[in-house]
Every structure is written in C-alpha cells, then in structure tokens.
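Top line first, the protein sequences correspond to chains A and B. In this text, residue positions in the first sequence follow the working numbering: the first is 1473, and each later residue adds one. In this text, residue positions in the second sequence follow the working numbering: the first is 1473, and each later residue adds one.
2 protein chains.
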Amino acid sequence: MGRRTVLLLLLAFLTARAAIPVPLALRALNNLHRSASFTSRPAVPKKYTVHYLEQKGFMWDVAEELKAMLVFAEHRYYGESLPFGNNSFKDSTHLNYLTSEQALADFAVLIKHLKKTIPGAKNQPVIAIGGSYGGMLAAWFRMKYPHMVVGALAASAPIWNFGNLVPCGVFMEIVTTDFRKSGPNCSETIRSSWSAITRLARTGGGLDWLSEAFHLCTPLRNSQDVQQLKGWISETWINLAMVDYPYESNFLQPLPAWPIKVVCKYLNNPSLSDPRLLQNIFQALNVYHNYSGQASCLNMSETATSSLGIQGWSYQACTEMVMPFCTDGINDMFEPRLWNFREYSDDCFKQWGVRPRPAWINTVYGGKNISSHTNIVFSNGELDPWSGGGVTKDITDTLVAIIIPKGAHHLDLRARNAFDPTTVLLARSLEVKHMKQWIRDFYASQRKKH
Amino acid sequence: MGRRTVLLLLLAFLTARAAIPVPLALRALNNLHRSASFTSRPAVPKKYTVHYLEQKGFMWDVAEELKAMLVFAEHRYYGESLPFGNNSFKDSTHLNYLTSEQALADFAVLIKHLKKTIPGAKNQPVIAIGGSYGGMLAAWFRMKYPHMVVGALAASAPIWNFGNLVPCGVFMEIVTTDFRKSGPNCSETIRSSWSAITRLARTGGGLDWLSEAFHLCTPLRNSQDVQQLKGWISETWINLAMVDYPYESNFLQPLPAWPIKVVCKYLNNPSLSDPRLLQNIFQALNVYHNYSGQASCLNMSETATSSLGIQGWSYQACTEMVMPFCTDGINDMFEPRLWNFREYSDDCFKQWGVRPRPAWINTVYGGKNISSHTNIVFSNGELDPWSGGGVTKDITDTLVAIIIPKGAHHLDLRARNAFDPTTVLLARSLEVKHMKQWIRDFYASQRKKH
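#1: Run down chain A in chain order and give the residues with a C-beta less than 8 Å from the C-beta of Asn1595 (chain B).
#2: Using a cut-off of 8 Å between C-beta atoms, extract the partners of Ile1705 (chain A) located in chain B.
#3: What first and last residue would you give for the alpha helix (DSSP H) that runs through Phe1797 (chain A)?
#4: Given this structure, state the Cα-to-Cα distance separating Arg1912 (chain B) from Asn1841 (chain A), to the nearest angstrom.
#5: Candidates B:Arg1663, B:Pro1618, B:Asp1650: which alpha carbon is nearest Met1805 (chain B)'s?
#6: Could you please tell me which residues of the region 1607-1624 of chain B, in chain order, have their CB closer than 7 Å to any CB of chain A?
#7: If I follow the unbroken beta strand (DSSP E) through Leu1749 (chain A), where does it start and stop?
#8: How many Å lie between Asn1752 (chain B) and Leu1682 (chain B) at the Cα?
#9: Could you name the residues of chain A that Gly1838 (chain B) contacts, counting a contact when the two beta carbons are closer than 7 Å?
#10: DSSP puts Ser1721 (chain A) in a beta bridge; with which residues?
#11: Taking a contact to mean a Cβ-Cβ separation below 8 Å, would you say Asp1856 (chain B) touches Ser1628 (chain B) in this structure?
#12: Can you pull the chain A neighbours of Lys1584 (chain B), defined as C-beta to C-beta under 8 Å?
#13: Please decide whether Asn1633 (chain B) counts as near chain A, where near means a Cβ-Cβ distance under 8 Å.
#14: Please check the pair Asn1834 (chain B) and Leu1637 (chain B), which I expect to be a contact at CB under 8 Å, by giving their CB distance rounded to whole angstroms.
#15: Could you work out which residue in B:Val1759, B:Asp1697, B:Ser1745, B:Trp1709 is closest to Leu1727 (chain B) when comparing CA atoms only?
#16: Tell me the start and end of each unbroken alpha helix (DSSP H) in the region 1607-1690 of chain A that is at least 4 residues and wholly inside, in chain order.
#17: Could you spell out the range, first to last residue, of the beta strand (DSSP E) harbouring Ser1541 (chain B)?
#18: Would a check of beta-carbon distances place Ser1844 (chain B) closer than 8 Å to chain A?
#19: What is the residue span of the alpha helix (DSSP H) that Leu1567 (chain A) lies within?
#20: Could you tell me whether the Cβ of Asn1559 (chain A) comes closer than 8 Å to any Cβ of chain B?
#21: In this structure, how does DSSP classify Pro1555 (chain B) when only helix, strand and coil are distinguished?
#22: Taking Cβ positions only, does Val1849 (chain A) come closer than 8 Å to chain B?
#23: Taking Arg1829 (chain A) as the reference, which of A:Ser1817, A:Tyr1837, A:Lys1822 has the closest Cα?
#24: My parser needs the alpha helix (DSSP H) runs of 4 or more residues fully inside the region 1789-1865 of chain B; what are they?
#25: List the whole-angstrom C-beta distance separating Arg1614 (chain B) from Ala1575 (chain B), where the pair is believed to meet the contact cut-off of C-beta under 8 Å.
#26: Going by alpha carbons, who is nearest to Ser1768 (chain A) out of A:Asn1803, A:His1687, A:Ser1553, A:Asp1533?
#27: So what's Val1715 (chain B) in DSSP terms, helix, strand or just coil?
#28: Based on Cα-Cα distance, which residue from B:Tyr1738, B:Leu1750, B:Tyr1837 lies nearest to Arg1671 (chain B)?
#29: So what does Thr1602 (chain A) bridge to, in DSSP terms?
#30: Between Val1734 (chain A) and chain B, is there a C-beta pair that is closer than 8 Å?
#31: Can you give me, in chain order, the residues of the region 1562-1575 of chain B that have a beta carbon less than 8 Å from any beta carbon in chain A?
#32: Using CA atoms only, rank isn't needed, just tell me which of B:His1881, B:Leu1897, B:His1906 is closest to Asn1847 (chain B).
#33: Does the separation of the CB atoms of Val1647 (chain B) and Ile1710 (chain B) fall below 8 Å?
#34: Which class does Ala1580 (chain A) belong to by DSSP, given the choice of helix, strand or coil?
#35: So if DSSP puts Val1872 (chain A) in a beta bridge, which residue, or which two residues, is it bridged to?
#36: Excluding sequence positions up to five away, which residues of its chain have a Cβ less than 7 Å from the Cβ of Lys1518 (chain A)?
See below:
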C-alpha cells in the first residue's frame, strides 16, 4: 500500500494571509463601499514592494506529525488567482464565476490533479483545513465532496452567520464582552464615546478638534465624515476582538500581547468630559493603529491589509455571503443599528449591479440541518466574535465542536507559542486526535475493499 | 407535530415523460448530430397537436400508502422550463445554465419554496424519486442535499456510466444478451445483418433494393445514408432492450408485450441469403416502428418522441454527461466500434461550440467512492442495458441495490399491471420498506431534538 501519508489541503488562506470575513461586519454596520479599508502595515504611501514572510502555523506541526504534504490552495479571484486578469473585478459578468461552490469545485479538481501527478499521492487520504471563510470552505468541502477528503478542520468558521440561524446581534455582543472583561469600565467608556463624538461634532470648531484629537491624516468636513469616523473606530474594536492573542502578533496589525487589555488601560472612566474621554479613545486607537509609533497620522481608510481580498469578499458579500449584523447599544457597546437588508441590497446593486440572495447559503449547505454529514471538527475561540455564528456544540459523534476559552480568531491554527494558553494546546491535540482517527478509518475501509 | 405526511419529489420525468439518456448511446455509436431522432408516435407529418394522457405509475401507489404529496419537478431546459424561451438552445451562452448541478439547485430551491408555501408541509420529510437521468439526479440530490431529502429512490440510474468506471462495451452486451435470450439465433441473425447490408449496398441497384425492402420514406443515396440506416437499426434494438416490458406498453413506441420475443420470431436464421435475411430484419423493425400498422413508410429520422428533450440532452452529453460506449462485434451483436473521445469532442464542438469535460461528473459526484452517503436505493432491471452502469450491489447498509430480473428500464416505476413479474412486485415492496424506514428515522430524530 506504500507509505502512509496524508495530504492536508488548506482551503483558502491561513494565519498571515487569512481571508477573513471581517469586512462584512463593518460593511453591514457602517460603510459598505469603502475600498482598501484594511492594511496590515502602518499607514504608508501607495507605492510599495512585495515581501514574503516565512510564517508557519499549526499545519506545519500537524503535517510533520502525520507525515503529510501541505497544499495551500488559493481561492479564485483572490491573490494571483484572477481568472480575467485585471478585468476580473470589472463587472458582474466577469465576477460571475466567483462563488463558494466554484471554489469548492476548484479544490476538487485540484485534489484529483495532485493525486494524479504526485508520485505516491494517489491512494492517500486528504484532510481539509481552513480558518474563517477558509474554515467554512473546509466544512462545506467535506459536506459536498466527502469522497475527496476524509475529514475537515473548520477553525473559526461562522457557517451559521447566515439567514436567521443566529441572532444578528451576537457578533457585536461578543466584541463587547471581550472589552468588558479586559478592564474596568472599558466597554462602558466605549459606549459613552459615540454620543461624545456626536456632541463635539456639533460644536463650533468641533470637527477640527476631533480631527486633531484623533490625529487624522484627512480632516473631517461634514457629518458623513463623522459617521465614517465612528465606523472606523467600531471596526478597530472589532478587529481587536478578533486578534486578542496572548502574545505579540501581526495578523491584521502589529500588536502587543492581549491587546484589548492594553487598550482598556486607557478606557477606564466613562464619566470624563467629552474631550478627555475622546483623548483616551485616541490613545486606545493608537495601540492598534500605531503600535510601532511610526505613523505621523491615522488614516481612516485603512484598518487592515488591503491584500486580504477586499474586492472579492465585497462581491461575495453582495451575492451569497449575506451575514446579518445589528447592534442595540444595550447588550453591546455600539450605537444602535438595525439589520436593514433592503439598504444592504441597494448598496450592493449600486456597487456591483447585483442583488444578494440571502437564503442561498443555507439552502445549499443545509443551515443547521447538517447532521447527516461526518468527520468535521469545528473549533472556535471564545473571545472571537465569529464564534457567535459558529458550531459550538457537538452535533453528532463525528461532527464535533471544540471551544477554546481565551482563544481569539483561529488561534489554534497559529504557530506554537510559549504564551499559548493551555486551552489551545488541548484544542490542537484534540484536533490531531480526530485527524488520526479519520486516517485510521480511511485505511481500515481501504483494507476492507481489498 | 401535525399530520405525518411526506413530500415525494419526482426529479425530472418519469414513465410516459421520462428524459432517458438513450440518445447518447446512439450518438456515441452512430450519428451524434441527428435532431429529432425520437418519436413516440408512428411516423406522422410534422404538423401535430398536443394531447395529454393521464398516466399513473408506482409513485401514485406509494403516495397513497405514505400519505404523501407528489411533486413533479420539470428540469430546466426541458419541457416548458426554458429560461430564455425560444432562444434557450441558441448558443452556448444561453445554454450555460444547463447543468445537473443547476438542476439540483433548482430542486433545493423548489423544496424550500414548497415547505414555505404549502400549509403543513414545513416539517414533513421529503423523498426524491427518479428514473434514468432522473434517477441519477435523485441519487445525486440526496448526496449533495442530504438536509433536504431523507432518502432517494434512483431507478435505472447509470451513475457509473462515466469515465472508465465500467467497461464501455457493457451497455451493448446487455442489449445483445436480451436478444440472445429472447429467441433462437436472434442475436446471431442481427450480427449477420450488418455485413449483409454492406454487401447489398455495393451491388448495382442495391441502394434502391434496400430502400424498398425497409420501406424507407426517403431512399438511400450514398454510403453515408447506409451508415445512417445501420445506426437507425441499432437504435431500434437498443430501444427494444430498454422497453422490453412484460405487457403492451407505449413508452417510446406502442409495443406488444415482451417485444423482443415478438421481434425475434422473425430473426431465427442467420444463414439465409442477404435479401431474405434483410427482409426478416425489416419485419422485425416493423414491430417497433409500425406496431399499429398505420405507417406507409418508415422514417429513419424518427425513432422515439422528439419531446424527450433531445436538444437539452445533446448539449448535456457534450458538456458533463459523457458516457463512453463501444462495441466489438464479439461480445455484442453490433459492428465493432471503438470509443473515440476526440471524434466525440470534435462533433460537440461543431454542434454546440463546446468541448466536453469527461472527468467532471466523477469529480463532483464521487464516482464509485460514495460510501459516506446514506439512504439511497438503486434499482435496476436485469434486462435494462443501463443497468451496466448502475449500482447493482449494496455499498453499505443504507446504500442498497435492488435487482429486478425480467425487468427493463425502470419497470418498477411503472403502474401496477396484472402481468408484472413477481420480481418487480418484490422490488417495489422493498423500495417502500426503505422509504418507510427513512421516514421513521426522520421522525425519531425530530423527536430527539424536541
């Protein structure tokens, strides 16, 4: 039967190059159509050169342990996988082939190709691994192509963030909880900040004062800009919740260990005067946007890496990937905002000339009715706002949930670190245990055939 | 929990309106691009009126027994479901949406819609039933949308007639076996006929003699026409093998009971002179093409109902549905013909401007590697040439095969008949038993949830 090895297929992008669905949260809540709203670098001029960082994660350790080959598959319309080159995002005709199902089909064809062309790969089991959107793809791939992969690890995969499977407020409630638990009065201070901004913006010279206080590269000129400011601040808190890792990291931004704790040190008094409260908010924002201390001003149009595929995701969010988000200002620390599908749809039509199909993802992937599938591990960090739309309870013996207390967005997929909480060590060892079981079952069924 | 009823979804067309993949067998072997090559009526002028026949089958009996609602879903690009009206078959741009996956997605959306709009349907289990291509769709639907249907009955579904999952000669070998077993020297006489036609065609006045002997509406003019004649005769034997039912029927043509036996009465002597042998072949053909005795001549361009969706299937055969067929003249009674994919692909390109993707169906639906799925009954008639590409052995406890000796193409889905062999009665009762089990399991899991 040859050497027993395993192909680990990594769907989409992991760790340093993860395609995270965070833009959507913001887009839903704030400004749907901002382009290039993410950067992993401090604000720098538009001219840049490409550098690659050798970044290893959990998969390398697993691959070594399972004697597996690692394959990173790039999702169509992301990175360099542009089916129509520079025209790929031109219009909906060129974007027609950007769907999760097409991506899954790519992976199926890729696996067939790899098994055919790589010596010794033909009869080896394959495992799908992914985080975030990649985690959803990993889970869906096992559901739709169970003949192709023996199992899937879906890390921080919010497969239930669609339709009304979970309350639309759950995401922002988890963000709020992270802040509430990271320092006294922290979430309260943030909750107070929105009205402080509103009040200040209405005073004479208020816009200038705010622009200066927040060190904005481009001064605020009108109430629309103020809305954008609020959106950008909200996005910062969301991103911090996602990357609240126990050690220094550089996923969306270079950040200190437990960044929310660091941020919350500035946010311990909700009762200050508006200017003083907002100066504290600036200090907090500065932790995220200028940890290196190199930025001379803060650029509202950049909050994470623009290379995270903002265009592709924006289109997907406007077709299949409709995730309802809302806030109420009571169970969360944000300004109240209802989920407004009509507005969302109109914005999509303006930007891409398409209307979203909000029911489709649950129709095609089963929503909560997925118990007939097998061999999927859903892992979720308890700190991660995306865990609200994730599978956090076992569905069957082979559709299992792993919760990682003290874990942020797919912490389990990141590289081993001395500061890893024991919860994530346990999660990783459970994940490997399941993978080994899938592989054993695969070989047992192979033996039965012969 | 309300009344316990079941929705039976009939994928594609059954019994009287079945979309059978037979065109492909012929196209592969003979003339790929003949249009309107099937008719269920005796040869009649092109002008016609539409009549509907109230035709009931197995599903009505099952529906009564299971207290189920019956839903017949028409496949896109077939019947009246033309997405671009008269332009639907205009070019590959308009045909782009004709794929089995799109059809499955339609069924998923339909079921959701039915559950939403029909009072009491919301929490009812659904079973997919289909025959032939519809049987493949039923099986594939359960594989891809297990959250939508509790199980599937796939009657005469040749899901393994793709790639090299089964030998390309198996289909024609079964046709041959049907004739060999239906009368002494029957298949031998047919095997002798091809060279007899070739020899006669080469003689002076041979084409006229053949045209007259076969009562052809349009006389043969050249060797290409002779090839077409052979193709048309082959197609007749194939169709007879599919509809070799134990009672008078009118599926592809009005026919007597056990039509191959009737045909074989004329085909008991392979050693006659060429003219006498071919006169007997004509008598045999006449059973199929002129059972009513109304036709004044035989029309080679019509062998079954043109309403069976010849255009749609031709396109599908040129994209996804590539079924390799071949003959060797030794294990079968036909002229030897290799499977020639290049020629097939070139013909497709000429006709539709597309090239087939022969590997795709096995990539997307798993080929023989489907053991992780559950709750599919595959039934196959032993006389049916399509059984060669069907699932004829149990795969697991819940992926089961039912063989129907003395059964032709999805005999089990036809209406009850006094002449039904006991084998098909047994098959139907087994099928109902499985359906009841799926329904019981569904309600048990529902109870567990609440």
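Just so it is clear, CB atoms sit at the ideal spot from N, CA and C, and this is done for glycine as well. Computed from a predicted structure; not experimentally measured.
Put simply:
#1: Under the 8 Å cutoff, chain A gives no residues; its nearest Cβ is about 11 Å from Asn1595 (chain B).
#2: What Ile1705 (chain A) touches in chain B: nothing, since even the nearest Cβ is about 39 Å away.
#3: No alpha helix (DSSP H) contains Phe1797 (chain A), which DSSP labels as neither H nor E.
#4: 17 Å
#5: B:Arg1663
#6: Lys1616, Pro1618, His1619
#7: Run containing Leu1749 (chain A): none in the beta strand (DSSP E); it sits in the alpha helix (DSSP H), 1746-1761.
#8: 12 Å
#9: His1619
#10: A:Leu1727
#11: yes
#12: Ala1831, Thr1835
#13: no
#14: 7 Å
#15: B:Val1759
#16: 1642-1652, 1658-1674, 1678-1685
#17: Note that residue 1541 (chain B) is Met in the sequence shown here, rather than Ser. From DSSP, the beta strand (DSSP E) with Met1541 (chain B) extends over 1540-1545.
#18: yes
#19: 1564-1567
#20: no
#21: coil
#22: no
#23: A:Ser1817
#24: 1813-1824, 1832-1837
#25: Not a contact, Cβ separation roughly 14 Å.
#26: A:His1687
#27: coil
#28: B:Leu1750
#29: Note on identity: in this sequence residue 1602 (chain A) is Gly, with Thr being the wrong assignment. DSSP output for Gly1602 (chain A) lists A:Ala1626 as bridge partner(s).
#30: no
#31: Glu1573
#32: B:His1906
#33: yes
#34: helix
#35: A:Val1849
#36: With a pLDDT of only 49 at Lys1518 (chain A), under the threshold of 50, the placement of this residue in the model should not be trusted, and no figure is reported.
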